[in-house]
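**Student:** Supplied in structure tokens, the structure appears directly below.
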Amino acid sequence: MAAIPQDMILELESINKFFGGVHAVRDMSFSIQKGELAGLIGPNGAGKTTIFNLVTGVYSPDSGHITFLGEEITSLKSYQVIRKGVARTFQNLRLFQRSSALENVMVAMQQHHQYSFLEGLSHLGRWSSMEREIKQRSLDILDRVGLIERAHQAAGTLPYGMQRRLEIGRALALEPEFLLLDEPAAGMNPEEVFELNHLIQGIHRDFMLTILVIEHHMDVIMQICPHIICMNFGAKIAEGDPDDIQVHPEVLKAYLGEEVEE
Amino acid sequence: METLLQQTINGLSLGSVYALIAVGYSLVYSILLFSNFAHGGFLVIGGYICYFTLKSLGFNIWIAGFASLVGAGFSAVLTERLAYKPIRERTNVTLYLLIASMGMSIVIENIFVIVAGGRFRALPPVIPTHPVHIFGLATTSAFDILSLLAAVFFLGALQLFLIKTKWGLAIRAAAYDLRTAGLMGVNVNLLISIVFFVAGFLAAVGGIFLSVRYTLYPQLGMITIKAFVAAVIGGLGSLPGAVVGSLILGLAEMLTAGFISSQLRDLVVFSLLIITLLVRPQGLFGKNISEKV
Amino acid sequence: MSGYTEGIIILLCINAIAAMGVSVLTGFTGIFSLGHAGYMAVGAYTTAILTVEYGVHYIPAILLGGAMAMVIAYVIGVPTLKLMGDYYAIASIGLGEAIRLILENWQSVTRGARGYPGIEGYTTLYVSLAFFAVMAFGMFNLINSRFGRAFKACRDDYIAASLLGFNTARYRILSLVISAFYCGVAGALLGGFLSFIQPIMFDMIKSTELTSVVVFGGLGSMSGTLLGASIITLVTELFRPISQYRMLIYGAILVLIMVIRPEGIMGQYELGPRLFRRLKDKFSFRNRDNSEGRSS
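Chains as they are written, first to last, in the working numbering: chain C, 1 to 262; chain B, 1 to 293; chain P, 1 to 296.
This is the structure in structure tokens:
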């Protein structure tokens with residue numbers, strides 16, 4: 001553990017969120033350190049995606065603070081949070097269905113290659129060199145997530161598992177420091193899950209990323225994440241390494257239900 | 001003071017006619033989630049049926065009115081079957097329905113330009129328009145009072161239909177979720193036809209009163225823009241919203257005409273729309289729509 | 001070239017410029033406007049007043065007409081573009097009609113509803129062709145740049161777009177402002193072509209026509225927009241002798257397109273290698289299907 005530098009990348013401090021009368025997130029605090037591959041688990045409806053939405057500015061919390069790389073991002077808008085170096089995927093895929101796989105990646109890649117409006121209008125100046133670079137680097141990403149053969153296919157027509165990987169590729173194109181993956185294994189068969197685990201571990205290593213993964217399949221997370229946070233009914237119920245979590249009474253209760261005394 | 005009372009009554013009367021149109025439009029919106037721009041066409045159809053029935057079958061407003069309302073109702077059903085049904089069965093892109101409805105609106109308007117000519121026609125004097133004194137406080141016309149009463153009657157009937165009948169219940173269920181209502185065994189096509197019939201029927205009531213107020217011409221349907229505005233102010237898809245929005249609009253129009261300038265009344269209407277949307281983007285009674293991420 | 005043919009070409013250029021403006025907003029950014037005739041009116045009146053009252057040369061006057069439309073679009077766009085879908089569509093009717101009503105009632109400047117006569121006939125064949133060429137060049141470049149991709153991202157999924165770091169509100173405004181400039185210039189050219197403008201020329205029917213042209217050509221296809229604008233302009237000319245049927249046919253076509261081919265003539269594809277590749281794919285798929293059919 002000593003090898004990991006001890007600086008926080010993300011810190012949640014007593015976050016609360018209400019939807020009408022529903023207390024969706026209660027007093028949630030946790031922190032993720034730079035370079036970690038962490039997991040966020042919990043039964044359906046536990047509030048995991050809400051945490052992602054709070055971090056990425058889709059919602060703003062009713063109380064509490066969110067800090068990213070030492071900077072307060074609690075009330076920032078989504079695009080501002082993303083520009084600080086956060087990227088995410090979605091539980092219910094949000095690809096640009098009609099655009100090709102390549103265009104899906106290019107639209108994210110262009111965020112780091114911003115020529116001016118006049119250059120866009122005239123195709124003079126940096127337009128051609130930057131467009132070439134956007135395209136080349138996007139192709140590299142597609143290659144990394146194993147979709148280079150499908151670069152020109154419309155995203156909506158790709159098989160489901162490929163769409164999941166394309167979304168990861170699109171998030172990587174933002175060149176983030178911190179990547180949030182929302183149930184990347186949902187709807188995949190065991191073979192695809194195996195490949196996905198491999199991909200996640202690979203990009204974690206190669207891009208020196210910090211990753212937080214949501215899953216409600218415990219086995220996926222147990223295999224790849226040394227640091228796991230477990231939540232239920234909007235609150236954190238346990239935190240630790242896979243061995244701790246696997247035997248934690250609260251976690252077992254959340255997943256298996258309350259034991260009934262006879 | 002007298003002008004104020006008088007313009008208030010006129011405003012409520014005009015607003016109640018808008019309400020008849022806006023409620024039908026809003027009802028269609030609540031089921032199919034698109035702005036039916038052909039709605040103004042139903043009103044024009046109603047107006048012309050009334051006019052020609054009066055001319056050919058003698059001046060009996062009851063017969064002519066009945067023919068007009070039912071005729072406009074069926075035209076609305078026909079419009080839906082011809083233009084919207086093939087689209088909604090193929091895709092769920094409501095934009096296509098919206099554009100098709102703009103096309104139908106142009107078609108209906110120009111059928112009347114060709115068949116009946118573009119000139120302005122006055123409805124025979126079947127609805128009394130003589131002045132009425134209200135407790136000596138204000139003078140208004142019998143027509144304004146009648147249109148107010150008619151609107152209250154038909155809106156009340158609609159409310160009863162929606163609350164008391166089986167189909168009313170089905171329509172309210174479909175407004176929450178059309179697909180689910182279909183899965184629960186509601187005949188969706190019949191339900192949509194009923195909704196369009198009701199929309200056309202109510203639009204024709206508005207059409208008759210508007211053709212008495214402004215005379216009848218093929219472009220009279222353009223006035224439904226104001227009913228749309230009213231429905232949006234009230235909150236798209238909300239029936240009470242459509243009624244309240246219409247009354248606000250009618251009052252604003254008549255008070256502007258009475259106290260400021262008749263030419264500015266439309267400008268006031270559109271400013272009201274924009275201001276409402278800026279303050280409350282979902283309209284007064286609209287549901288706050290936020291997408292699930 | 002006869003005066004008649006010349007007139008049609010000028011009209012084609014003007015309609016194409018306006019249609020490109022609506023296309024970038026509706027086809028590429030997914031914002032449905034039914035008030036863009038209002039921006040044409042702003043361009044037309046600004047240019048007319050500048051040339052007639054102040055003796056400004058027509059070229060800067062046309063550009064200022066476009067710029068004025070941009071300014072107005074910006075001022076009303078910032079608050080109203082927060083509205084989504086049908087709410088913006090209805091609000092845009094209100095905005096377009098409000099512009100027309102102001103022009104009708106602001107007698108001292110616009111000479112009111114009876115129109116503004118005596119505009120210099122500056123829109124010659126070459127002027128209109130030059131404006132069209134430059135503006136089409138810019139528009140095609142723009143949609144083939146990071147801006148075009150950003151617009152499409154906002155159109156297809158604005159939540160995903162903002163979670164890819166796009167300030168979607170800013171791109172929506174940018175798209176509106178560009179589209180207002182194109183419509184403003186088109187209006188200015190129309191004024192110089194007819195030498196006379198009137199508020200009623202820029203009513204909701206004109207706005208509807210602009211949007212229908214774009215839909216007809218294919219939402220999200222700029223070459224489709226040009227094709228759509230050309231077909232509609234020519235068909236309109238063709239049916240001029242039976243003008244009372246013109247609008248009827250026009251409305252019926254609009255319905256028919258939505259029923260038969262709602263994605264428009266070109267779908268979202270441009271005339272170019274991508275369409276070619278797609279057609280080729282389709283064709284080769286068909287061949288494969290056939291051979292499979294035979295082998296089994």
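Just so you know, even glycine gets a beta-carbon here, dropped at the ideal spot from N, CA and C.
The structure displayed is predicted, hence computed values, not measured ones.
Is D143 (chain C) buried or exposed, if buried means 16 or more other CB atoms sit within 10 Å of its CB?
**Tutor:** Burial call: exposed.
**Student:** Under the rule that 16 or more other beta-carbon atoms within 10 Å means buried, what is G293 (chain P), buried or exposed?
**Tutor:** Legend: pLDDT at G293 (chain P) = 35, less than 50; position of this residue unreliable, value from coordinates given subsequently. Classification for G293 (chain P): exposed.
**Student:** How about the stretch 115–122 of chain C and the stretch 196–210 of chain C: do they share at least three Cβ pairs that are nearer than 8 Å?
**Tutor:** Touching, no.
**Student:** Closer than 8 Å by C-beta to I229 (chain C): which residues in its own chain qualify, once you throw out the five before and the five after it? Chain order, please.
**Tutor:** F30, A38, G39, L40, I41, K236, A238, E239, listed in sequence order.
**Student:** Determine, for G138 (chain P), whether the minimum Cβ-Cβ distance to residues of chain C falls below 7 Å.
**Tutor:** So, interface residue.
**Student:** Can you tell me whether DSSP reads V213 (chain C) as helix, strand or coil?
**Tutor:** V213 (chain C): strand per DSSP, three-state reduction.
**Student:** Taking beta-carbon pairs under 8 Å, can you tell me which members of the stretch 96–108 of chain C lie near chain P?
**Tutor:** Listed by position along the chain: F96, Q97, R98, S99, E103, M106, V107, A108.
**Student:** Shorter than 7 Å from the beta carbon of H123 (chain C) to some beta carbon of chain P?
**Tutor:** It does: the Cβ of H123 (chain C) has a partner Cβ on chain P nearer than 7 Å.
**Student:** H23 (chain C) by DSSP, collapsed to three states: which one?
**Tutor:** Strand, per DSSP.
**Student:** Three or more C-beta pairs under 8 Å: does that hold for the stretch 1–13 of chain P against the stretch 139–158 of chain P?
**Tutor:** Not touching, per the Cβ criterion.
**Student:** Which chain P residues are close to Y96 (chain B), counting only those with a beta carbon under 8 Å from its beta carbon?
**Tutor:** Going along chain P in sequence order, the residues near Y96 (chain B) (Cβ under 8 Å) are M258, P262.
**Student:** What does I90 (chain P) reach in chain B if we use C-beta pairs closer than 9 Å?
**Tutor:** Here the neighbours are S35, I225, F228, V229, A231, V232, L236, L273, L277.
**Student:** Per the DSSP calculation, N232 (chain C) is bridged to which residue(s)?
**Tutor:** In the DSSP output, where bridge partners are listed per residue, N232 (chain C) has C:A235.
**Student:** Which complete beta strand (DSSP E) runs does the stretch 122–146 of chain B hold, if anything under 3 residues is left out?
**Tutor:** If we require 3 residues or more, the beta strand (DSSP E) runs fully inside the stretch 122–146 of chain B come out as 131–134, 138–141.
**Student:** Would you mind working out which of C:L76, C:L69, C:G70 sits nearest P61 (chain C), comparing C-alpha positions?
**Tutor:** Out of C:L76, C:L69, C:G70, C:L76 has the C-alpha closest to the C-alpha of P61 (chain C).
**Student:** Could you tell me if N92 (chain B) is buried or exposed, where buried requires 16 or more neighbouring beta carbons within 10 angstroms of its beta carbon?
**Tutor:** Classification for N92 (chain B): exposed.
**Student:** With DSSP as the reference, please indicate the residues paired to A37 (chain P) in a beta bridge.
**Tutor:** Paired residue(s): none; A37 (chain P) is not in a bridge.
**Student:** Let me check understanding here. Comparing Cα to Cα, which of B:L69, B:G103, B:R90 lies closest to T79 (chain B)?
**Tutor:** Of the listed residues, the one whose Cα sits closest to T79 (chain B) is B:G103.
**Student:** DSSP three-state call for R288 (chain P): helix, strand or coil?
**Tutor:** Residue placement at R288 (chain P) is poorly supported in this model, since its pLDDT is 44, which falls under 50; the coordinates still yield a value, given next. DSSP places R288 (chain P) in helix when its eight states are reduced to three.
**Student:** Under 8 Å: do the stretch 256–275 of chain P and the stretch 219–235 of chain P share three or more Cβ pairs, one atom per stretch?
**Tutor:** Verdict: yes, contact present.
**Student:** Can you list, in chain order, the residues of the stretch 63–78 of chain C whose Cβ is nearer than 8 Å to any Cβ on chain P?
**Tutor:** Within the stretch 63–78 of chain C, the residues whose Cβ lies closer than 8 Å to some Cβ of chain P are K77, S78, listed in chain order.
**Student:** Give me the chain B residues within the contact set of S175 (chain P), using Cβ-Cβ distance strictly less than 9 Å, ordered along the chain.
**Tutor:** Here the premise fails: no neighbours, minimum Cβ distance about 17 Å.
**Student:** If you follow the beta strand (DSSP E) that L181 (chain C) is part of, which residue opens it and which one closes it?
**Tutor:** Where L181 (chain C) is concerned, the enclosing beta strand (DSSP E) stretches over 178–182.
**Student:** Taking contact to mean at least 3 C-beta pairs separated by less than 8 Å, is the stretch 66–77 of chain B in contact with the stretch 238–246 of chain B?
**Tutor:** Not touching, per the Cβ criterion.
**Student:** So, at 7 Å on beta carbons, what are the nonlocal neighbours of L239 (chain B) in its own chain, with the 5 sequence-adjacent residues on each side left out?
**Tutor:** Within the same chain, L239 (chain B) has close Cβ partners V23, S26, L27.
**Student:** Touch check for the stretch 11–19 of chain C and the stretch 50–68 of chain C: three-plus C-beta pairs under 8 Å?
**Tutor:** Yes: the two stretches touch, three or more of their Cβ pairs being nearer than 8 Å.
**Student:** For L267 (chain B), go through chain P and note every residue whose CB falls closer than 9 Å to its CB, in chain order.
**Tutor:** Those are E97, A98, L101, I102, N105, listed as they occur along chain P.
**Student:** Which residues of chain P have a Cβ atom closer than 7 Å to the Cβ of G120 (chain C), listed in chain order?
**Tutor:** Chain P residues near G120 (chain C): N141, L142, S145, R146, F147.
**Student:** Where does F34 (chain B) sit, in a helix, a strand or coil, going by DSSP?
**Tutor:** The answer is coil: DSSP assigns F34 (chain B) none of H, G, I, E or B.
**Student:** Short check: CB of D219 (chain C) to CB of T89 (chain C), under 7 Å?
**Tutor:** Going by C-beta atoms, D219 (chain C) is not nearer than 7 Å to T89 (chain C).
**Student:** For S243 (chain P) and G184 (chain P), what's the separation of their Cα atoms in angstroms?
**Tutor:** The alpha-carbon atoms of S243 (chain P) and G184 (chain P) are separated by roughly 27 Å.
**Student:** Using the three-state DSSP reduction, which class does H57 (chain P) fall into: helix, strand or coil?
**Tutor:** Looking at H57 (chain P) - three-state DSSP - the assignment turns out to be coil, as it is neither helix nor strand.
**Student:** State the Cα-Cα distance for the pair N287 (chain P) and R150 (chain C), rounded to the nearest angstrom.
**Tutor:** For N287 (chain P), the pLDDT reaches just 46, beneath the cut-off of 50, and the residue's location in the model is therefore unreliable, although a value from the coordinates is still provided. Each residue's alpha carbon lies about 21 Å from the other.
**Student:** Would you verify that the beta carbon of A16 (chain P) is, or is not, closer than 7 Å to some beta carbon of chain C?
**Tutor:** Closer than 7 Å: no.
**Student:** Comparing the C-beta of Q110 (chain C) with each C-beta of chain P, is any distance below 7 Å?
**Tutor:** Judged by the 7 Å Cβ criterion, Q110 (chain C) is in contact with chain P.
**Student:** Leaving out five residues before and five after T157 (chain C) in sequence, what residues of the same chain have Cβ atoms less than 7 Å from its Cβ?
**Tutor:** If we look at T157 (chain C) and ignore the five residues flanking it on each side, it has no Cβ neighbours.
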